[in-house]
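Novice: Take this structure, written in structure tokens, and hold onto it; I'll ask about it next.
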Amino acid sequence: MKLAVLTGEPSGDLIAEAAVRALRERHPVLELRGVGGEGLARAGLESRFRLSEFAVNGVVEVLPHLPRLLLRIEQITRWLLREQPDMVLTVDAPDLTLRIARALRGRGYSGKLVHLVAPTVWAWKPERAGKMAAFLDEVLCLFPFEPPLFEAEGLSAHFVGHPILDRPVPDTERQPDTLLLLPGSRMTEVRPLIPLFRETVARLLPENPHLRCLVPTVETTRSFVTRRMADWPTPIEFLFRPEDKAAAFARSSVALAASGTVALELARAGVAGVITYRLSSATFQAIQRQTALDHFSLINILAQADVMPERLQHDARAELLTADVGRLLRDDTARRQQVEAQCRALATLALSSGQSTAMLVADRLEALLGTAG
């Protein structure tokens, strides 16, 4: 059985790794090819291109990289048409992976096309669900309210749970005066947030002179982050391995993070988070025009309330972030109450079956390929 896996960012790479490992336990001779990062490499994938080449987002932010991205999309499409895998599994990063899937179907690829991590059609681009039905065989959803949106457009969709709930809850004593910094996995996120994080940390130091910062890094931005944060006015501990990242979440009690999947990771780890994000004005205005959501962070969307403080765009200012983070550092009650609210929101994603997301994904892939049992 030949499986191609395509992902375009670290979070999707980790989800894909778990799914591929589960499938390989059942099919040890699985032939694997595609594009991924360190996670899929651990699962046995030799990536066609480096994951870091695709780590951009935003309407304006992507423009300088567009010629190279379009070239890579064309190269990957041609390569997969030559390889003719039995299935192409695209994971997250829909602006990249679904473009390739659509091109494959349009050029005559007859194998199965499955997308894991449904794009947030419920937040913006609702018309995308109908377009996906024209070329995908199935979409695998991480949120329970998503399948009906795709099924209404004639696309098979299944809720497979959220992999964040498969992670063990850390049982480690929190270290005081330890701040977890998570500036993002894309250069377009990291560039504007690093200076903002630095100013926030500098403002926190007078009241928190023993403050220590933990910074887990990802392959897509590691070199840039370590260079730009090397001369900060407080000790920085950079972390490179996945197990070190898990330990950092367990040690920290407060985090300052870019918006994204990391909000769910913080909730799972019991870390009180403050979320921030900056995009170009054009990109942010486009998002505002196309979404009716009251919240930006995933954990707040699940809670339908401001569980984690959000400081976006014009509110992404050091003085506001300092107030939010400083309150959580000094107020044990506020921190505990926020962690409890985060946990309640996350519990809405729990599966009744008790199976892991990776196992459910493997079940669906087997069913589609006719290889189950």
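Residue 1098 in the working numbering sits at position 129 of the sequence shown, with consecutive numbering throughout.
Even glycine gets a Cβ: it sits at the ideal position worked out from N, Cα and C.
These numbers were taken from a predicted model, which means no experiment stands behind them.
1) Quick one: any contact between the segment 1121–1139 and the segment 1234–1243, if contact means 3 or more CB pairs under 8 Å?
2) Hey, would you say Val-1004 sits closer than 7 Å to Arg-993, going by beta carbons?
3) Check whether the segment 1141–1154 and the segment 1108–1123 are in contact - that is, three or more C-beta pairs closer than 8 Å.
4) By alpha-carbon positions, which one of Tyr-1246, Thr-1291 and Trp-1201 ends up nearest to Pro-1161?
5) Do you know how far the Cα of Arg-1305 is from the Cα of Val-1170?
6) Cβ atoms of Leu-1085 and Val-1060: under 7 Å apart, would you say?
7) At 3 residues or longer, what runs of the beta strand (DSSP E) sit wholly inside the segment 1186–1252?
8) According to the neighbour-count rule (16 or more other Cβ atoms, all chains shown, within 10 Å of its Cβ), is Ala-1316 buried or exposed?
9) Just the C-alpha distance for Arg-1220 and Ala-1062, rounded to the nearest angstrom, thanks.
10) Would the segment 1317–1332 and the segment 978–993 be scored as touching if the rule is three or more Cβ pairs under 8 Å?
11) Taking the straight line between their C-alpha atoms, what separation do you get for Leu-1225 and Arg-1196?
12) Mind checking which residues open and close the alpha helix (DSSP H) that includes Arg-1333?
13) Helix, strand or coil for Ala-1062 per DSSP?
14) Any idea if Leu-1040 is buried or exposed, counting beta-carbon neighbours within 10 angstroms, 16 or more meaning buried?
15) Give every residue of the same chain whose Cβ lies closer than 6 Å to the Cβ of Phe-1023, excluding the five residues on either side of it in the sequence, and list them in chain order.
16) Would Val-974 be called buried (16 or more neighbouring beta carbons within 10 Å of its own) or exposed?
17) Check whether the segment 1203–1210 and the segment 1307–1327 touch, using three or more Cβ-Cβ pairs below 8 Å as the test.
18) Return the CA-CA distance between Leu-983 and Glu-1309, expressed in angstroms with no decimal places.
19) Would you mind reading off the limits of the alpha helix (DSSP H) that contains Leu-1085?
20) For Glu-1007, name the three-state secondary structure that DSSP assigns.
21) So, using beta-carbon positions, are Thr-1089 and Ile-1069 closer together than 7 Å?
22) Are Ser-1192 and Ser-1228 close, meaning C-beta to C-beta below 7 Å?
23) In whole angstroms, what separates the C-alpha of Pro-1113 from that of Ser-1125?
24) Rounding to the nearest angstrom, what Cα-Cα distance links Ala-1102 and Arg-1299 in this structure?
25) Near Pro-1152, what residues of its chain come up, given a Cβ to Cβ distance below 7 Å and the 5 sequence neighbours on each side ignored?
26) Does the Cβ-Cβ distance between Leu-1148 and Gly-1295 come in under 7 Å?
27) To the nearest angstrom, report how far apart Leu-1001 and Lys-971 are at their CA atoms.
28) What is the rounded straight-line gap between the Cα of Leu-1105 and the Cα of Ser-1154?
29) Starting from Leu-1149, follow the beta strand (DSSP E) in both directions and report where the run begins and ends.
30) Restricting to runs no shorter than 4 residues, where is the alpha helix (DSSP H) found entirely within the segment 1269–1322?
31) Taking the continuous beta strand (DSSP E) assigned at Thr-976, which residues delimit it?
32) Measuring straight from C-alpha to C-alpha, what distance separates Thr-1203 and Glu-1212?
33) With DSSP as the reference, please indicate the residues paired to Val-1184 in a beta bridge.
34) Would you call Thr-1302 buried or exposed, if buried means 16 or more other Cβ atoms sit within 10 Å of its Cβ?
35) Report the partner residues of Arg-1002 according to the DSSP bridge assignment.
36) In angstroms with no decimal places, state the Cα-to-Cα distance between Pro-1175 and Ala-1072.
Specialist: For this structure:
1) yes
2) Not in contact: Val-1004 and Arg-993 (Cβ atoms no closer than 7 Å).
3) no
4) Tyr-1246
5) 22 Å
6) yes
7) Within the segment 1186–1252, the complete beta strand (DSSP E) runs of at least 3 residues are 1205–1208, 1223–1227 and 1241–1246.
8) exposed
9) 30 Å
10) Yes, the segment 1317–1332 touches the segment 978–993.
11) About 19 Å.
12) 1326–1338
13) coil
14) So Leu-1040 ends up on the exposed side.
15) Gly-977 and Leu-1065
16) When all chains shown are included, Val-974 counts as buried.
17) No: fewer than three Cβ pairs fall under 8 Å.
18) 26 Å
19) Looking at the DSSP string, Leu-1085 is not in any alpha helix (DSSP H); the run it does join, the beta strand (DSSP E), is 1081–1085.
20) helix
21) no
22) no
23) 14 Å
24) Straight-line Cα distance between these residues: approximately 50 Å.
25) Glu-1158, Val-1159, Leu-1162, Ile-1163, Phe-1166, Val-1194 and Ala-1227
26) no
27) 6 Å
28) 27 Å
29) Counting along the chain, the beta strand (DSSP E) containing Leu-1149 begins and ends at 1147–1151.
30) 1287–1299 and 1301–1315
31) 971–976
32) 24 Å
33) Phe-1207
34) exposed
35) Ala-973
36) 55 Å
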